[in-house]
Amino acid sequence: MIRLEKRPQPSKAWTVLTPILAVILTMIFGGIMFGLIGTSPVEAIRTIFWDPLFHPQFANFSRPQLLVKAGPLILIAIGLSIGFRAGIWNIGAEGQYIIGAICGAGAGLALYPMESALILPLMVVAGALGGWAWAMIPALLKVKFGTNEILVSLMLVYVAENLLASVSSGLLRNPEGMGFPGSRNLSQWSSSQNLELIPNTGMHLGVLTAFIAVILAYVLLTRHIQGYNIRLTGEAPRAAKFSGVSPARTILFCLGLAGALAGMAGLFEVTGPAGQISIDFGSGYGFTAIIVAFLGRLHPVGILLAGLLMALTYIGGELAQLMLGVPGASIQLFQGMLLFFLLGVDVLTNYRVRFGAAEVA
Amino acid sequence: MPDDLLRLDGLTKAYPGVVANDDVSFDIREGEIHALLGENGAGKSTLVKMIYGLVKPDKGSMTLRGKPYTPSEPSAARQAGVAMVFQHFSLFDALDVAENVALGMENPPKPRDLARQIREVSETYGLPLDPSRTVGTLSAGERQRVEIIRCLLQDPKLLIMDEPTSVLTPQEVEILFETLRKLKSEGTAILYISHKLEEIRALCDHATILRLGKKVATCTPSETTARAMAEMMVGSSFASPAAKAKTPGEGLLRVDNLTMPAPGAFGTPLRGISFELRAGEVLGFGGVAGNGQDELLLALSGERTSQRGTIWVKGADVSRDGPVERRAVGFLTAPEERLGHAAAPNMSLTENAVLTAGRRQRLVNKGFINWGRADGFAQDVIKRFDVRTPGTHVAARALSGGNLQKFVIGREVAQNPDILVVNQPTWGVDAAAAAAIRQALLDLAAQGAAILVVSQDLDELMEIADRFGALNEGRLSALRPVADLSIDEIGLMMGGAHDMEVAHVAE
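Quick mapping for you: the protein sequence lines, in order, are chains A and B.
The C-terminal residue of the first sequence carries number 469 in this note's numbering, and the numbering is unbroken.
The C-terminal residue of the second sequence carries number 1407 in this note's numbering, and the numbering is unbroken.
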């Protein structure tokens, strides 16, 4: 019989090395998989990890994409990770992201075609509030009735997607759009556009916000009593109650923060890279951010790196589909492997494997 | 001896850090009711788990009717004719009685036959029970009957009962005793585990007494006084402490008719608890585990808030305040469970220092934690209470139980509370550390703090408490000065012989 035995003190070095080891294992087994479907493993791995940044022909286009894709992933994952630290499982960031975009875009479009420097900040606030409000639904239901936030937040993603379909062909549809669904292009209206701050880097306001969020989250978790209370709630809920932490307040704070950050991510996306509210605006960032949060071990700096890595596999994956003709499913499998190996290696960091019969106790 | 049913010979079982059973030998005869007596932690449960095949002994042997008996799992024990009724039942609320009984059998008969058998057994042994009733609608006493009938259907030679009366009303206890006497008359032996001395005197033929894992005595309960058995149970170290001549100070904590529902299925409700705790005194609450100790602690710490007007600190009503507000007025607590309640297992000692001392020791300034100060405070606690650890960066769960206990008690004592409530302050702590913790509590009282010690260790309470009270089913007995208490009276206060009213069994 095989047993897992908790290590008294997991090694610090391994805690840091796990993600790197997981990436290497993914490269090896992903390479085998690509080999099995008839693609050169070395070429496939190089296309995914190397070419997006350094290919002479494509890198100019794909390099800025790295930040464009990583920005929302990091911003959402930071919010989620703080809840996860407290054992609050918000799975519905995708919905909060969509609602944030709708609310922010709606606030801006209500003022169209006015020109003012205050419009974009107003939209950011409206987007954050929209995401916050959407996250308050599972939060309040959990606090008041003890419902499971995993289910409620996930279900609300589908509600948000239907709302998105509705407003893009109704309420927010571009009146000059010849009847096509979709809002006005917000990236072409000077009051709302969220342009690159530095040309050809992909660095827009959302990416900057994500970087600031990384720093603030780090300070919150390591220096501030609220962050301490969150970690304590996740580590030992009864000790947290003994310490005097209110579970209800923690739930409201964590879900609210995650919702607001996801909502802001949605707003930055709709005013920048996406440009408009449309039926296919929901891009799955909210779900991928869950992987990013865990890949980054729920640590702000880890999430920063994980977000960049995840963005890289996305861009590289698209490139591989384009250049090598590998199926899209194989790329998803590859990304799945990454999470699998991370969690697998993680178990071995915290537990040691013992062989031999277990004693009945 | 031909009439020995089960013979235990030198049974020894050690867990990391504690010897649960040390060379225990005794015989259970055919058709006798044999009592196994001992305080909490004396090793009763481990011993019966070995007999029932749940735990394997490290050393020693068992002989059942002359043949070696080594049950590898409970089903083997059942096949050999050993059955057990546990303290906590394992029944499914949504199923009916017959279905529950069938689930516990190796080869259940057809439902109709089973229902008939259940009826027969229940009539034969005077255990009224309808096989078609849903278990969820049964009282605790009726649920216990389901478990007993499940055992009896397998025609056991030895029936083990683990504290069977703790969930019963006095009337149900009488019914149960009738059943057990009938079983005995038919030749079934019963191993009866309890610490209720009067019950054992009324029911049992022989008694084996365990203390700290060792067999310390055997006796014939009907010819032994409750006092003598209690002394065997706790050791004869009941020297009356020297009278403590102290003038009680002003009342700091007043609890006024504190009544709360049980927090969960196995919790105990608090029923009308009232007492006053004065500056400079140590008050001791004894009692058998599960009689409301943990619930009282939750109510005093502020983790569960009680009705307005029930808890007063220095004349102010704190009943609705949480733990943070209570600590702010100098009212500190330390719960029994070290890991997971008093301390977060995976957090460092520095982080655990912030857990309760954040506000009082000014480790937190405008919301930001001053880790330097927190580390300094943790180091103070470690130095003052001789906590053996490589440093403050170590996770709480890496410390031994005794060292962590010194840390969590020390963390509260070092904050100079006006009122300190501790539950089981020296549980699982070696003698030297226990003495240090007790001395720290006495010193704190000498400085004018009011201290409440809740403990199952009577020696400890006799040593440090000025007044004593016992918790019994969520009620608090009258408080008596320790100096003029006899062991008989303590036994009566704890054992509940005075408590003849019908207990409210939770539905």
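Ideal Cβ positions, reconstructed from N, Cα and C, are used throughout, including at glycine.
- Distance from the CA atom of residue 1183 of chain B to the CA atom of residue 322 of chain A, rounded to whole angstroms, is 51 Å.
- When Cβ-Cβ separations below 8 Å define contact, residue 324 of chain A makes no contact with chain B.
- Residue 907 of chain B: member of the beta strand (DSSP E) spanning 904 to 915, first to last residue.
- Inclusion of residue 1197 of chain B and residue 1354 of chain B in the CB contact set at 8 Å is warranted, their separation being smaller than that value.
- For residue 211 of chain A, the closest alpha carbon among the candidates A:142, A:334, A:256 and A:375 is that of A:375.
- Think of a sphere of 7 Å around the beta carbon of residue 1282 of chain B: no beta carbon from chain A falls inside it, the nearest being about 18 Å out.
- Between the C-alpha atoms of residue 227 of chain A and residue 320 of chain A there is a straight-line separation of about 21 Å.
- Against chain A, the CB of residue 1312 of chain B has no partner CB under 8 Å away; the residue lies outside that interface.
- Within the same chain, and ignoring the five residues on either side of residue 1027 of chain B in sequence, the residues whose Cβ sits closer than 8 Å to its Cβ are 1021, 1045, 1048, 1049, 1075 and 1079.
- For residue 459 of chain A, no CB of chain B lies under 8 Å from its own CB, so it is not counted at the interface with that chain.
- Residue 1303 of chain B is outside the set of residues whose beta carbon lies under 8 Å from a beta carbon in chain A.
- Its Cα nearest to that of residue 398 of chain A, the residue A:415 stands out among A:387, A:389, A:415 and A:385.
- Within the model, the alpha-carbon separation for residue 152 of chain A versus residue 435 of chain A is close to 12 Å.
- Collapsing the DSSP output to three states places residue 283 of chain A in coil.
- Contact between residue 366 of chain A and residue 205 of chain A is ruled out by a C-beta separation of about 10 Å, above the 8 Å threshold.
- Short of 7 Å from the beta carbon of residue 1257 of chain B, and not among the five residues preceding or following it, lie these beta carbons of its own chain, in chain order: 1263, 1277, 1311 and 1315.
- By the neighbour-count definition (other C-beta atoms within 10 Å, threshold 16), residue 1005 of chain B is an exposed residue.
- Check the Cα spacing between residue 162 of chain A and each of A:423, A:269 and A:432: the tightest is with A:423.
- Of B:1082, B:1219, B:983 and B:1242, the smallest CA-CA separation from residue 345 of chain A is found for B:1242.
- Among the residues of chain B, none has a CB under 9 Å from the CB of residue 250 of chain A; the nearest is roughly 19 Å distant.
- In the three-state DSSP reduction, residue 113 of chain A falls in the strand class (E or B).
- Scanning chain B for C-beta atoms nearer than 7 Å to the C-beta of residue 351 of chain A yields 1223, 1255 and 1256, reported in chain order.
- Shown here, residue 1176 of chain B sits in a strand according to DSSP, grouped into three states.
- Remark: three or more beta-carbon pairs, one from each stretch, lie closer than 8 Å, so the region 1150 to 1164 of chain B and the region 1204 to 1211 of chain B are flagged as touching.
- Close CB contacts of residue 359 of chain A within its chain, under the 7 Å cut and outside five residues either way in sequence, are with 196, 247, 250 and 251 (chain order).
- In this model, residue 181 of chain A and residue 241 of chain A are separated by some 20 Å (Cα to Cα).
- Look at residue 1230 of chain B: its C-beta is not under 8 Å from any C-beta on chain A.
- With its beta carbon at least 8 Å from every one in chain A, residue 982 of chain B lies outside the interface.
- With its beta carbon less than 8 Å from one in chain B, residue 332 of chain A belongs to the interface.
- For the 8 Å CB-CB criterion, residue 1344 of chain B and residue 1361 of chain B do not form a contact.
- The closest CA to that of residue 1231 of chain B, considering only B:1375, B:952, B:1349 and B:962, is found on B:1349.
- At a cut-off of 8 Å between C-beta atoms, residue 1267 of chain B counts as an interface residue with respect to chain A.
- Each of A:260, A:311 and A:132 was checked against the Cα of residue 443 of chain A, and the nearest Cα belongs to A:132.
- At least one beta carbon of chain A lies nearer than 8 Å to the beta carbon of residue 1243 of chain B.
- Excluding the 5 residues flanking it on each side, residue 1376 of chain B has same chain C-beta neighbours closer than 6 Å at 1173 and 1369, in chain order.
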